[in-house]
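Going left to right, the sequence shown walks through residues 10 to 608 as the numbering used here numbers them. Where a beta carbon is used, it is the ideal one built from N, C-alpha and C, also for glycine. Here's the structure, in C-alpha cells; my notes come after.
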Amino acid sequence: MIQLPGSFSYTRGRETLARSQVLKRSWPFFLDVCVAGIGLAAFYGVVRIAGYWFGHAQPEITISQSPRALPLYAFYSIVRIGLAYLLSLVFAIGYGYTAAYSKRFEALMLAGLDILQSIPVLSFLPGVMLAMVALFPTRQIGVELGAILLIFTGQVWNMAFSFYSSIKSIPRELNEAAGIYRFSRWQKLVQLELPYAAIGLVWNSMVSVAGGWFFLMACEMFVLGTRDFRLPGLGSYLQTAAGTGNGVAIAWGLAVMIAIIVATDQLVWRPVIAWSDKFKFEQVESSARVKSPLLHLLQYSTALRSISANTLVPLNERLYKTLAARRSAELKRISAEAGVAGKSSRRTLREFNLVRWVTLAIVAIAVAYSAMHALMLLRQVHGSQFLLILEGAGATFLRVNVALLIAAAWTIPVGVAIGFNPKLARIAQPIAQIAASVPATALFPILLLALVQIGGGLGVGSIALMLLGTQWYILFNVIAGAMAIPSDLREVAKLFHFTRVQRWKTLILPGIFPYLITGLVTASGGAWNASIIAEYFRLKNQTLQTLGLGAQISAATDQGQFQILLLATMVMALMVVTINRLVWRPLYRLGETRYKLDG
C-alpha cells in the first residue's frame with residue numbers, strides 16, 4: 010500500500026474531529042449527570058436535617074474537639090448560614106422595596122433599620138432563643154430556628170440598605186421607560202429594579218455571609234444563666250477550641266472553614282458575579298468581563314436549558330400576559346366606573362381608614378404597654394451603673410470611629426483597583442472572601458497574646474477585632490461601586506487624558522459614592538455590633554474585658570441582668586441612630602441627588 014504525502018495528518022485530523030464531536034455530545038450528558046448528583050445530594054441533606062431538627066430536644070450538648078466531628082459540624086453550620094441568608098435576601102428585598110416607594114413610612118422604616126442594625130446580636134439572643142424554644146419545647150427545631158434567626162440579624166441590614174439605595178439611584182429615564190411601557194409592579198421589580206441592584210446586592214450578600222461566619226460562634230455557643238443552648242457546629246467547635254487553648258483544634262477548624270469558603274467562592278459567588286456583570290448600566294460594552302467556567306458549563310447544560318425553555322419561559326410569559334390583561338381590565342373598569350364611583354368609593358375609603366386607625370391604635374397600645382414594662386425594669390438600674398454605661402458608650406464610640414478611619418484608608422483604593430481590573434478581581438476576590446469569612450474571634454487569642462507581649466491590651470485589641478470584622482463592608486461595597494461605573498465613562502476619562510487626581514475627583518469618587526456611604530453605614534453598625542465580642546473575651550477559662558458598651562452588654566447577658574442589657578442596648582441604638590441622622594442620612598440624600606447616574 011502506497012501512503013500519499015500528508016495522508017497521515019489528514020487521517021489524524023479526521024480522528025481529532027471525530028473525538029471532538031464525541032466530546033461535544035458526551036460533555037452535556039456528563040454535566041447533566043453532575044446536576045442530577047447535586048440534586049440527589051441536596052435531597053439527602055434535607056432528609057438528614059429534617060431528621061435531626063424534628064428529633065427530641067437535647068438538654069445539653071458536649072462539643073467534641075476531635076477532627077472527625079468536623080464534617081458533620083460543618084454541614085450543620087452551612088445549613089444554618091444558608092437558610093439565614095435566604096431569609097435575609099427575601100427580607101432585604103421586601104423591606105428595601107417598601108421603604109423606597111412608601112413616602113408615608115419611608116422615614117419610619119429607615120429609622121427602624123438604623124435601630125435594628127445597631128442592636129447587637131446578643132441583645133436579640135435571650136428573647137429570640139426563649140421564644141423559639143417555647144414554640145417547640147420538645148423538638149430540636151426550636152433551638153435551631155433561634156440560631157438561624159440570630160444569624161439573620163447579623164446578615165440582613167446591609168443587604169436591605171444596599172437594595173434601598175439602588176432603587177433610589179435608578180436613572181430617571183429608566184423609570185420613565187417603565188412607565189411608558191406600563192410595566193406592572195412585578196415586571197418593574199423583575200426587569201428593572203432587581204437587575205439594577207444586582208451588583209450591589211451580590212457583593213453585599215458576600216459580606217453578609219462573611220458576617221454570618223463572624224457571629225456563628227456567639228449563635229452556636231449561647232448560654233443564658235443556667236440554661237445551655239449550645240449547638241453542634243463549626244462555630245461552637247472553634248469557640249470551644251479557643252476557650253481551652255487547643256491550637257491543633259483551632260487549626261483544623263480554620264482549615265475546614267477556609268475550604269468551605271473557597272468552595273463557596275468557586276461554586277456560588279464567582280458564577281453569580283459573572284452572571285450579574287451583564288446588568289451593568291453602560292452604553293459601551295467593556296472588553297474585560299468577569300468569567301466563570303462553572304457558569305459557562307451550566308449555561309450549556311442540556312437538561313437546564315430544556316427546563317428553562319419548556320417550563321420557566323412559558324410560565325414567565327403566561328404570568329406577564331396575565332398581569333397585563335388584569336392591568337388593562339382594571340384600567341377599563343376604573344374608567345367605566347369613574348362616573349358612579351361617588352358614594353361607594355367614599356364609603357370604601359372610610360372603611361379602609363377605620364380599619365387602618367384601629368390597627369394603628371392596637372399597635373400603639375401594645376408598644377405603650379411594652380415600653381411601660383421596660384421602663385419599670387429600668388428602675389432597677391442604679392445611678393453608678395448608669396454613669397458606667399455612659400462612660401462605656403464614650404469609649405466604644407471612640408474605638409468604632411478609629412476602626413472606621415483605618416478601614417476606609419485602605420479599603421477605598423484597594424476596592425477601586427479590584428473593581429476596575431477583572432484580572433486582579435479573580436485573584437483578590439477569593440482572598441478577600443476568605444479573609445472576611447474567617448471569624449476574627451478564632452484568631453483573636455493569638456492577636457491578644459501578641460498585643461500583651463508588646464505592651465498593649467484589650468483596649469487596643471478590641472479596635473483590631475472591630476477592624477477585622479467590619480472593614481469588609483466598606484471594601485465589598487467599594488468593589489461593587491467601581492464595577493458598576495459604566496465602561497463608556499471610563500473610556501471618556503482615558504480619551505481626555507485625565508490625571509489621577511482628576512479621575513478620582515470627577516469619575517471614581519462620584520461613581521462609588523452611593524456604594525461607599527452604604528458600606529460606611531453598615532460598617533459603623535457592624536463595628537458597634539462587634540463590640541460585644543471585641544470588648545469581652547474568654548481566653549483559657551478566663552474572661553478579659555475592657556471599658557465599653559459592648560463589654561457591659563456581654564457581661565449583662567452572662568449574668569442575666571436584663572435591666573443592664575436593656576439600658577445598654579437602648580443607649581447603643583440611640584447613639585447609632587443619632588449619628589445616622591446627623592451624618593449618614595444627609596450623605597445618602599446627596600448620593601441620591603447630586604451623584605445619581607442619569608442620562
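Starting from residue i and walking both ways along the alpha helix (DSSP H), at which residues does that stretch end?
i    : result
T552 : T552 -> not in any alpha helix (DSSP H); beta strand (DSSP E) instead, spanning 551-554.
P180 : First-last for P180: undefined, no H or E at that position.
P519 : 518-543
I72  : I72 -> no alpha helix (DSSP H), and no H or E assigned at all.
D497 : 496-504
E400 : 392-429
Y106 : 79-110
P595 : 594-602
F571 : 571-588
R279 : 279-285
F485 : 467-493
F223 : 203-223
S193 : S193 -> no alpha helix (DSSP H), and no H or E assigned at all.
T253 : 243-253
V265 : 256-273
G557 : Note, G557: premise wrong, no alpha helix (DSSP H); not H, not E.
Around the Cβ of residue i, are there at least 16 other Cβ atoms within 10 angstroms (buried) or fewer (exposed)?
i    : result
F192 : buried
T71  : exposed
K287 : exposed
R408 : buried
N486 : buried
G54  : exposed
A260 : exposed
I179 : buried
K112 : exposed
K177 : buried
N589 : buried
E182 : exposed
A268 : exposed
G60  : exposed
E544 : buried
I472 : buried
Between residue i and the rest of its own chain, which residues show a CB-CB distance below 6 Å, the 5 nearest in sequence each way excluded?
i    : result
V265 : L79, A83
G490 : I521, Y524
E153 : W62
E115 : A108
N213 : N167, M168, S171
I427 : L433, A434, A437, I488
P439 : D274
L158 : V137
Once the 5 residues before and after residue i are set aside, which same chain residues still bring their CB inside 7 Å of it?
i    : result
L386 : F571, Q572, L575
Y612 : In the structure displayed, the chain extends from 10 to 608; residue 612 sits before or after that span and is not available.
I156 : Position check: residue 156 holds Ala in this sequence, whereas Ile was assumed. If we look at A156 and ignore the five residues flanking it on each side, its Cβ neighbours are R89, C228, E229, L240.
A187 : K197, L201
L596 : I526
S97  : F161, Q164, V165, M168, S217
L476 : A412, I415, A416
V372 : none
Using a Cβ-Cβ cut-off of 8 Å (strictly less than) and excluding sequence neighbours within five positions of residue i, which residues of its own chain qualify?
i    : result
Q74  : Y246, T249, A250, T253, N255, A258
V580 : I398, L399, A402, L558
I208 : S285, D286, F288, K289, A489, M492, A493
G600 : S174, S178, F522, P523, I526
L81  : P241
Do three or more CB pairs link the stretch 95-104 to the stretch 166-180 at distances below 8 Å?
yes
Should the stretch 475-492 be called in touch with the stretch 524-536, which here means at least 3 C-beta pairs below 8 Å?
yes
For the structure I just gave you, are there three or more beta carbon pairs, one from the stretch 115-125 and one from the stretch 576-587, closer than 8 Å?
yes
Determine, using beta-carbon pairs with one atom in the stretch 557-571 and one in the stretch 492-503, whether at least three such pairs fall under 8 Å.
no
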